[in-house]
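**Student:** The opening residue of the first sequence carries number 576 in our numbering; numbering runs sequentially from there. For each residue, glycine too, the CB sits at the ideal point set by N, CA and C. Below are the structure tokens for one structure; questions will follow.
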Amino acid sequence: MEVYERGFFSISESGHQIEEVMDVRKGQWTEEEDSMLKAYVTLHGEGRWNSVARFSGLRRTGKSCRLRWLNYLRPAVRRGSITLEEQLLIIQLHSIWGNSMEPCLRWSKIAEHLPGRTDNEIKNYWRTKVQKQAKKLECDVNSPKFRDALRYEYTPRLIEQISRAKHESPSGQLTYGNETESVQVDQSLLPESSSETQVTYGSTVAETWGIDEQSNGNGWLGGGDYWMESEWCEENIWFLQQQLYDDEDGVI
DNA sequence: AAGGTTTCCAACCGCATTCCT
DNA sequence: GAGGAATGCGGTTGGAAACCT
């Protein structure tokens, strides 16, 4: 069912303000709308979204056009499940920028370090997967308890899985479906983990999160559809390393 | 097979910030 | 510098798909 709402288009053209009242479409985008937006942006470039909405013939708001382009139509947008490496990076970056000292969490800042991933995607991932696990452990996602669980239980296992996957593949190559990429796992990311420092809350965190020791890495955080860029790995793991060095007494 | 529940994610909303005149 | 428009951002929602009973 098509949903329209009475709305305003307000654009300025050569210094003249043009305001127009028309029906604005809402809800899911159709293939036709997608191709209209794609064609328009390809021709005229990104930005000035109200103009895009007005001149492309789309009965959408500029905001809606922008969002659709950035989160879906942009050529750089990457599809598929969040990989293990991406999970690791999200968790680490979140602990840097998502702590309580920050006025607000910058998903887009995290997304900058995961090429092809949008802030919306990362936000959804965090809320649906990570927060869910915090709930299972009956603690707040920002609580020290949950942060410890991430640091001492989940992160080492994640790194272990990444390393194992690398080790099992000949010549340091990981094969994900039809794609083969070289993988750089920086062991410095591995937090100190000892029996003393490990935290256990009734059932183990691993059990709660469904991390399978024998699994192929498609644990609780999604996994499954691997896809990776070596450039991403090297550059971002390096970046992360710098962050960790810069923040000796940091939150991780 | 049917109905109920849960999960996932695209899209919306409101507010904040930046840009432009 | 002021005011308004455009853009960006994080939180939330709705509905389709997947899963469970």
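Out of Glu687, Leu733, Trp604, Trp672, which has the shortest C-alpha to C-alpha gap to Thr636?
**Tutor:** As a first step, residue 636 must be located in the first sequence, where it is residue number 61. With distances taken between Cα atoms, Thr636 lies closest to Trp604.
**Student:** How far does the alpha helix (DSSP H) with Pro719 in it extend, from its first residue to its last?
**Tutor:** The sequence position of residue 719 within the first sequence is 144, counting from 1. 719-723 is the span of the alpha helix (DSSP H), which, as asked, contains Pro719.
**Student:** Out of curiosity, what's the CA-to-CA distance linking Arg739 and Thr658?
**Tutor:** Looking up residue 739 in the first sequence gives position 164. Looking up residue 658 in the first sequence gives position 83. If I take the Cα positions, the gap works out to 15 Å.
**Student:** Report the CB separation of Asp715 from Ala709 in whole angstroms; it is logged as a contact under 8 Å.
**Tutor:** Taking the first residue of the first sequence as position 1, residue 715 is located at position 140. Taking the first residue of the first sequence as position 1, residue 709 is located at position 134. With a Cβ gap of about 6 Å, Asp715 and Ala709 count as contacting.
**Student:** According to the neighbour-count rule (16 or more other Cβ atoms, all chains shown, within 10 Å of its Cβ), is His742 buried or exposed?
**Tutor:** In the first sequence, counting from the first residue as 1, residue 742 sits at position 167. The residue in question, His742, is exposed, as its Cβ has fewer than 16 Cβ neighbours within 10 Å.
**Student:** Output the distance between the C-alpha atoms of Leu618 and Ser718, rounded to the nearest integer angstrom.
**Tutor:** Here residue 618 refers to the residue found at position 43 when the first sequence is read from its first residue. Here residue 718 refers to the residue found at position 143 when the first sequence is read from its first residue. The straight-line gap from Cα to Cα measures roughly 48 Å.
**Student:** Whole angstroms is fine: what's the gap from Ser639's alpha carbon to Gly632's?
**Tutor:** As a position in the first sequence, residue 639 is number 64, starting the count at 1. As a position in the first sequence, residue 632 is number 57, starting the count at 1. Approximately 14 Å between the Cα atoms of the pair.
**Student:** Could you give the distance in angstroms between the alpha-carbon of Arg600 and the alpha-carbon of Arg623?
**Tutor:** To locate residue 600, count along the first sequence from 1; it is residue 25. To locate residue 623, count along the first sequence from 1; it is residue 48. When rounded, the distance between both Cα atoms is 19 Å.
**Student:** Inspect the CB distances between the stretch 658-667 and the stretch 689-705 and report whether three or more fall short of 8 Å.
**Tutor:** Output reads yes: the stretch 689-705 touches the stretch 658-667.
**Student:** Roughly how many angstroms lie between the CA atoms of Gly792 and Pro731, to the nearest whole one?
**Tutor:** Walking along the first sequence from the start, residue 792 turns up at place 217. Walking along the first sequence from the start, residue 731 turns up at place 156. Note that Gly792 has pLDDT 37, beneath the 50 cutoff, so the model's placement of it is unreliable and no number is given.
**Student:** Measure the alpha-carbon distance for Glu608 versus Glu621 and round it to whole angstroms.
**Tutor:** Residue 608 sits at position 33 when you count from the first residue of the first sequence. Residue 621 sits at position 46 when you count from the first residue of the first sequence. Their backbone Cα atoms lie some 16 Å apart in a straight line.
**Student:** Among Phe721, Phe630, Ile737, whose alpha-carbon lies nearest the alpha-carbon of Ser670?
**Tutor:** Here the question's residue 670 lines up with position 95 in the first sequence. Nearest of Phe721, Phe630, Ile737 to Ser670, Cα basis: Phe721.
**Student:** So for Asp694, helix, strand or coil by DSSP?
**Tutor:** As a working note, residue 694 is residue 119 in the first sequence. Asp694: helix per DSSP, three-state reduction.
**Student:** Identify the continuous alpha helix (DSSP H) that holds Trp624 and give its terminal residues.
**Tutor:** Position 49 of the first sequence holds residue 624. First-last of the alpha helix (DSSP H) with Trp624: 624-630.
**Student:** Measuring straight from C-alpha to C-alpha, what distance separates Ala651 and Lys613?
**Tutor:** Here the question's residue 651 lines up with position 76 in the first sequence. Here the question's residue 613 lines up with position 38 in the first sequence. Going by the C-alpha atoms only, they are around 13 Å apart.
**Student:** Can you give me the start and stop residues for the alpha helix (DSSP H) that Ile685 sits inside?
**Tutor:** For the purposes of this step, residue 685 is identified with residue 110 of the first sequence, where counting begins at 1. Element bounds for Ile685: 682-686.
**Student:** For Glu713, count neighbouring C-beta atoms within 10 Å of its own C-beta (all shown protein chains included) and say buried if the count is 16 or more, exposed if not.
**Tutor:** For the purposes of this step, residue 713 is taken as the residue at position 138 of the first sequence. Exposed, since its Cβ has fewer than 16 Cβ neighbours within 10 Å.
**Student:** In chain order, what residues of the same chain lie with their CB nearer than 7 Å to the CB of Gln706, ignoring the 5 residues before and after it?
**Tutor:** In the first sequence, residue 706 corresponds to position 131, counting from 1. So the qualifying residues of the chain are Val716.
**Student:** With burial defined as no fewer than 16 other Cβ atoms inside 10 Å of the residue's Cβ, what is the status of Glu606: buried or exposed?
**Tutor:** Position 31 of the first sequence, counted from the first residue, corresponds to residue 606. Exposed is the call here.
**Student:** Using the Cβ count rule (16 or more neighbours within 10 Å means buried), how would you classify Arg643?
**Tutor:** One-based indexing of the first sequence puts residue 643 at position 68. Arg643 comes out buried.
**Student:** By the 10 Å Cβ neighbour count, where 16 or more other Cβ atoms means buried, how is Gly785 classified, buried or exposed?
**Tutor:** In the first sequence, residue 785 corresponds to position 210, counting from 1. Caution applies to Gly785, whose pLDDT of 47 falls short of 50 and renders its modelled position unreliable; the model cannot decide the point.
**Student:** Can you tell me whether Arg654 is buried or exposed, with buried defined as 16 or more other CB within 10 angstroms of its CB?
**Tutor:** By 1-based counting over the first sequence, the position of residue 654 is 79. Exposed, since its Cβ has fewer than 16 Cβ neighbours within 10 Å.
**Student:** Pop quiz: Arg634 and Asp598 are said to be a contact at Cβ under 8 Å. What is the actual Cβ separation, rounded to whole angstroms?
**Tutor:** The residue given as residue 634 occupies position 59 in the first sequence. The residue given as residue 598 occupies position 23 in the first sequence. Confirmed, Cβ separation roughly 6 Å.
**Student:** Which of helix, strand or coil does DSSP assign to Leu616?
**Tutor:** Within the first sequence, numbered from 1, the residue matching residue 616 stands at position 41. Note that residue 616 is Val in the sequence shown here, rather than Leu. Val616 falls in the helix class under three-state DSSP.
**Student:** Which residue's Cα is closest to the Cα of Glu728: Tyr647, Ile666, Thr693, Phe630?
**Tutor:** On the first sequence, residue 728 is found 153 positions in, with the first residue counted as 1. Minimum Cα distance to Glu728 is reached at Ile666.
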